[in-house]
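Protein chains in written order, with this note's numbering: chain A, 1 to 230; chain B, 1001 to 1508.
Yeah, the Cβ is synthetic: ideal placement off N, Cα and C, and Gly gets one too.
Please read these numbers as outputs of a predicted model, since none were measured by experiment.
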Amino acid sequence: MAELRIEQLVLQQDDFRLTADWSAPAGRRIAVIGPSGAGKSTLLNALAGFFPAASGRVLWDGQDISRLAPGDRPLSMLFQDQNLFPHLTVAQNIGLGLDPSLRRVDAARVEAVMARVGLSGLGGRKPAQLSGGQQSRVALARALLRSRPILLLDEPFAALGPALKAEMLALVAETTADALVLMVTHDPGDARQFADETVLVAEGLVHPPRDTAALFADPPPALAAYLGRA
Amino acid sequence: MARRAGALIAAGLAFLTLGPVGIVMMQAGEGALSSADYAALRFTVLQAALSALLSVACAAPLARALARRRFPGRGVLIAALGAPFLLPVLVAVLGLLAIFGRAGVVNGALRGLALPEVSIFGLGGVLLAHVFLNMPLATRMILQGWQAIPAERLRLAQSLGFRPADHWRHIERPMLRDVVPGALLAVFAICLSSFAVVLVLGGGPSATTIELAIYQAVRFEFDLPRAAMLALLQVTVCGGAVAVAAWMTAPGGFGAGLDRALELHPPRGWRRLADAGVILLAAAFLAGPLVAVLLRGLPGLMALPHAVWPALMTSLLVAVLAAPLAVGSALALALGRAQGTRWLEPAAMLPMAGSQLVLGTGLFLMIFPFASPAAVAVPVTVLVTAIMALPFAYRMLAPEARALVADYGRLAGSLNLRGMAALRLLVIPRLRRPLGFSLGLTAALAVGDLGVIALFATEDGATLPLVISRLMGSYRMTQAAGAALLLVICAFGLFWICDRWGRGGTED
């Protein structure tokens, strides 16, 4: 089975330094948790190709992907915000996942994926005419169409209410069963609901993934401090 | 993609600006500067400095009056302050001649009162025209300073019971200290390479700028080494001004405000009258020459000489080619800069250190051994106009490009949206408004400008501004005014079309 290998990755900027060295197989859902400023988003940005690593490699299925352009990497990423182009319609935003030039887009596939995430009939709308939850669904639908084996979620649902967020997480879990999903969160509840395993980012280190339930039952000191259970 | 295109364009731009300057330097060794040339240098700097001082001195009270008074037509007046930037320089000069010229309104009145007449030719006339053309720009810059004073600060001043003198001391004077140097430098730099104004109103040993001296050296004396020396002098002066402007950055001393709407309590009494007087006087000063061109030009429209029509087509061709060239290049440079290639910014500003006639002289020297300059007059004019307009377009597009890359750069990257697809689906839709505006500005500038074409053109192949200057030179003022009116219609029409395209984008 394919796996993501992070080999002695070092991320550095001014006096910030973060290292990681672990691997995770396809199909796994992993939460990334830790105090703010620890580097959760930086880790995801580095994996996606938006933050150059000082040293180390990232491999998928044995292939080094750390030199690839962001769009050529075997992953999709949902950002905290600005996931949609406001001047394009919902269908166009989703269609970008099939063909960035929008010239060879199979409308039937766009319709099908919209139905899958519950957006049927909204293809002609602009993002501003949608609710926050619907906007998240558009971004997810595009990621589904791209069907890359890795999905990175950088708190894309943070602005949604608790019920909507839980709904979106369930939808992600349901629609991306084969993908490796890495999800940044600062809510232990999200991790428990969504993730088999959890990665702790603290004190300059990305700890290897551990079983979520076991990790929260016996938190290391850095996590205990973050959770306020020191 | 944009980074590579930006680097390519920057390299081309460097070649096209530094190349002619290099040629000029090689040729300049053989030339020598006479005392007349040093007089031209002195006059250039003197008139630019005085133009800057006078423009800002007139602009400050006007900006203050506009900032603190509310009256019907205020919005229109502020919008109209942008118009002189679109107005072809020769048209402004024609208008001023109609008001202040020998047969103008003012001298007519002076004669009626048996007072001595004023002459519009020489230093005074050059300054008058430069103030007319640049005072609106200075007013807008200073008005921005006034409007940038946070409402919170004004509320504090009101609650402390500031009187006008306190207001001046604690709020207005510090603001002006920040804003005025920038306005002075902007006007100074523009006036350093003034050509058309000096061509008509200046001249002679006492009122020749370097730019005009270059023109005369090439056209009348055909002394190319001397033209090269003068061009080198011009680059030194303009480059110095640009360097000083880049070095001086205005510090903002007022802190951020939340832009709360605030009821104004402007001073009453004589200050109210004074403000009204300033506004009326400025409006009359700016509108008078334009009305004069309109009144004189309407009959002239009926009797346009035949030379006008091919010249009009040439001018439109220059505008239609130069504007997209300038804006497209500026866009690639701005996007490349926004994506992190820092050196593209100074590259985009490079043309500011030159002038139309400097580049023209260099290109003339390059082309002259191989082809007749007249044969390449139009392509050279397109190229030089586009190069000189590029820094303006870059300044307008750079902040927008930066915001675009900050907002959507990662998303576009993660979706592999790049190249032409990114241009079509992301850049043009998102930047349509500034693109339309800068296209309109550069097109208006290109259609109305009299510069490098004067070096190259013969009887045919002239642009409309060149034809107007020839009509003025032979004192066919009614025909000149008619052609000028046509030129104004073209300049504003082109701007309107492009700007309207820019505003036609769909709402988000």
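Pick from B:TRP1343, B:LEU1441, B:CYS1498 and B:GLY1413 that is closest to GLY97 of chain A, judged by C-alpha positions: Looking up residue 97 of chain A in the first sequence gives position 97. Answer by Cα proximity: B:GLY1413.
Buried versus exposed call for THR1236 of chain B [16 or more other C-beta atoms within 10 Å across all chains shown]: The residue you call residue 1236 of chain B lines up with position 236 of the second sequence. Exposed is the call here.
Residue closest to ALA1276 of chain B, alpha-carbon to alpha-carbon, out of B:ARG1074, B:LEU1143, B:LEU1199 and B:LEU1086: The sequence position of residue 1276 of chain B within the second sequence is 276, counting from 1. Out of B:ARG1074, B:LEU1143, B:LEU1199 and B:LEU1086, B:ARG1074 has the C-alpha closest to the C-alpha of ALA1276 of chain B.
First through last residue of the beta strand (DSSP E) which encompasses GLN82 of chain A: Position 82 of the first sequence, counting from 1, holds the residue named residue 82 of chain A. GLN82 of chain A -> no beta strand (DSSP E), and no H or E assigned at all.
Exposure label - PHE1195 of chain B; buried when at least 16 CB within 10 Å: The residue labelled residue 1195 of chain B in the question sits at position 195 within the second sequence. The residue is buried, with at least 16 neighbouring Cβ atoms inside 10 Å.
Closest by C-alpha distance to GLN82 of chain A, when choosing among A:THR185, A:ASP154 and A:GLN193: The residue labelled residue 82 of chain A in the question sits at position 82 within the first sequence. Considering only alpha carbons, the answer is A:ASP154.
Straight-line gap, TYR1215 of chain B to THR1208 of chain B (C-alpha atoms, nearest Å): What you label residue 1215 of chain B is simply residue 215 of the second sequence in a count that begins at 1. What you label residue 1208 of chain B is simply residue 208 of the second sequence in a count that begins at 1. Approximately 11 Å between the Cα atoms of the pair.
Listed by chain order, chain B residues near LEU96 of chain A by CB distance under 7 Å: Reading the first sequence from its first residue, position 96 is the one you call residue 96 of chain A. The contact set of LEU96 of chain A on chain B, defined by CB atoms closer than 7 Å, consists of LEU1415 and LEU1417 in chain order.
Under 8 Å between C-beta atoms of ALA158 of chain A and GLN80 of chain A: Numbered from its first residue, the first sequence carries residue 158 of chain A at position 158. Numbered from its first residue, the first sequence carries residue 80 of chain A at position 80. Result yes, Cβ atoms of ALA158 of chain A and GLN80 of chain A sit closer than 8 Å.
Residue burial classification, TRP60 of chain A (beta-carbon count within 10 angstroms, cutoff 16): Walking along the first sequence from the start, residue 60 of chain A turns up at place 60. Looking at its Cβ environment, which holds 16 or more other Cβ atoms inside 10 Å, TRP60 of chain A is buried.
Cβ separation of ALA1230 of chain B and ASP1037 of chain B, assumed to be a contact under 8 Å, to the nearest whole Å: As a working note, residue 1230 of chain B is residue 230 in the second sequence. As a working note, residue 1037 of chain B is residue 37 in the second sequence. The sequence given here places Leu at residue 1230 of chain B; Ala does not occur at that position. Their Cβ separation, rounded to whole angstroms, is 6 Å, which keeps LEU1230 of chain B and ASP1037 of chain B in contact under 8 Å.
Neighbour-count burial assignment, TYR1408 of chain B, 16 or more Cβ in a 10 Å radius: Within the second sequence, numbered from 1, the residue matching residue 1408 of chain B stands at position 408. Per the 10 Å Cβ criterion, buried.
Terminal residues of the beta strand (DSSP E) in which VAL199 of chain A lies: By 1-based counting over the first sequence, the position of residue 199 of chain A is 199. Counting along the chain, the beta strand (DSSP E) containing VAL199 of chain A begins and ends at 197 to 202.
is_contact[HIS87 of chain A, chain B] using C-beta, thresh 8 Å: Start at 1 with the first residue of the first sequence, and residue 87 of chain A comes out as number 87. Yes - at least one Cβ of chain B is within 8 Å of the one on HIS87 of chain A.
Neighbourhood of ASP1223 of chain B by C-beta distance below 6 Å, restricted to the same chain and skipping five residues each side: As a working mapping, residue 1223 of chain B is identified with position 223 in the second sequence. Within the same chain, ASP1223 of chain B has close Cβ partners ALA1217.
Contact check, VAL1131 of chain B vs CYS1238 of chain B, beta carbons under 8 Å: Within the second sequence, the letter at position 131 stands for residue 1131 of chain B. Within the second sequence, the letter at position 238 stands for residue 1238 of chain B. 8 Å or more divides the Cβ of VAL1131 of chain B from the Cβ of CYS1238 of chain B.
Where ALA141 of chain A meets chain B, residues with beta-carbon distance less than 7 Å: Numbered from its first residue, the first sequence carries residue 141 of chain A at position 141. In chain order: nothing, as chain B lies at least about 13 Å away.
As assigned by DSSP and simplified to three states, the class of ILE1214 of chain B: Sequence index remark: in the second sequence, residue 1214 of chain B carries index 214 (1-based). Residue state, collapsed to three classes: helix.
PRO156 of chain A: contacting residues in chain B (beta-carbon distance under 7 Å): The residue labelled residue 156 of chain A in the question sits at position 156 within the first sequence. Correct list: empty, because the minimum Cβ distance to chain B is about 12 Å.
Length of the line joining the Cα atoms of ARG1069 of chain B and PRO1266 of chain B: Here the question's residue 1069 of chain B lines up with position 69 in the second sequence. Here the question's residue 1266 of chain B lines up with position 266 in the second sequence. Those two C-alpha atoms are separated by around 7 Å.
Start-end ranges of the beta strand (DSSP E) lying completely within the segment 126 to 211 of chain A, minimum 3 residues: Entirely contained in the segment 126 to 211 of chain A, the beta strand (DSSP E) runs reaching 3 residues are, in chain order, 150 to 154, 180 to 184 and 197 to 202.
Segment limits, alpha helix (DSSP H) that includes ALA1371 of chain B: Residue 1371 of chain B sits at position 371 when you count from the first residue of the second sequence. Unbroken run through ALA1371 of chain B: none, as it is neither H nor E.
7 Å Cβ shell around LEU139 of chain A - same chain, five flanking residues per side excluded: Against the first sequence, residue 139 of chain A aligns to sequence position 139. Correcting the residue type first, residue 139 of chain A is Ala in the shown sequence and not Leu. Within the same chain, ALA139 of chain A has close Cβ partners LEU78, ASN83, LEU84 and PRO156.
Inter-residue Cα distance where the pair is LEU1110 of chain B and ALA1347 of chain B: For the purposes of this step, residue 1110 of chain B is taken as residue 110 along the second sequence, with counting starting at 1. For the purposes of this step, residue 1347 of chain B is taken as residue 347 along the second sequence, with counting starting at 1. Straight-line Cα distance between these residues: approximately 51 Å.
Closest Cα partner of LEU1290 of chain B within the set B:ILE1099, B:ALA1060, B:VAL1021 and B:VAL1076: As a first step, residue 1290 of chain B is located in the second sequence; it is residue number 290 there, counting from the start. The option with the nearest alpha carbon to LEU1290 of chain B is B:ILE1099.
Residues, ordered as in the chain, of the segment 61 to 74 of chain A that lie near chain B by beta-carbon distance below 8 Å: ALA69, PRO70, GLY71 and ASP72
Inter-stretch contact at 8 Å, needing at least 3 Cβ pairs: the segment 6 to 26 of chain A / the segment 204 to 213 of chain A: yes
CB contact check: PRO1429 of chain B to chain A, cutoff 8 Å: Start at 1 with the first residue of the second sequence, and residue 1429 of chain B comes out as number 429. PRO1429 of chain B counts as touching chain A.
Secondary structure of GLY1252 of chain B, DSSP reduced to three states: In the second sequence, counting from the first residue as 1, residue 1252 of chain B sits at position 252. Only weak support exists for where GLY1252 of chain B lies, its pLDDT of 38 falling under 50; the value from the coordinates is given anyway. DSSP places GLY1252 of chain B in coil when its eight states are reduced to three.
Helix, strand or coil at SER76 of chain A according to DSSP, with G and I counted as helix: Numbered from its first residue, the first sequence carries residue 76 of chain A at position 76. Of the three classes helix, strand and coil, the one that applies to SER76 of chain A here is strand, per DSSP.
Exposure of PRO1136 of chain B, with buried meaning 16 or more beta-carbon neighbours within 10 Å: For the purposes of this step, residue 1136 of chain B is identified with residue 136 of the second sequence, where counting begins at 1. PRO1136 of chain B comes out buried.
PRO1391 of chain B versus LEU1466 of chain B - alpha carbon distance: Walking along the second sequence from the start, residue 1391 of chain B turns up at place 391. Walking along the second sequence from the start, residue 1466 of chain B turns up at place 466. Straight across, the Cα-Cα distance linking PRO1391 of chain B with LEU1466 of chain B is about 24 Å.
Within chain A, partners of ALA1421 of chain B - CB distance below 7 Å: Taking the first residue of the second sequence as 1, we reach residue 1421 of chain B at position 421. Per Cβ cutoff of 7 Å: PRO100 and SER101.
Nearest residue (CA-CA) to ALA177 of chain A, options A:ASP15, A:ARG29, A:GLY228 and A:ASP218: If you number the first sequence from 1, residue 177 of chain A lands on position 177. Considering only alpha carbons, the answer is A:ARG29.
ALA1483 of chain B vs THR1442 of chain B beta-carbon contact at 8 Å: Position 483 of the second sequence, counted from the first residue, corresponds to residue 1483 of chain B. Position 442 of the second sequence, counted from the first residue, corresponds to residue 1442 of chain B. No, they are not a contact pair.
LEU1487 of chain B, buried or exposed, once every other Cβ within 10 Å from all chains shown has been counted against 16: Numbered from its first residue, the second sequence carries residue 1487 of chain B at position 487. It is buried - the Cβ of LEU1487 of chain B has at least 16 other Cβ atoms within 10 Å.
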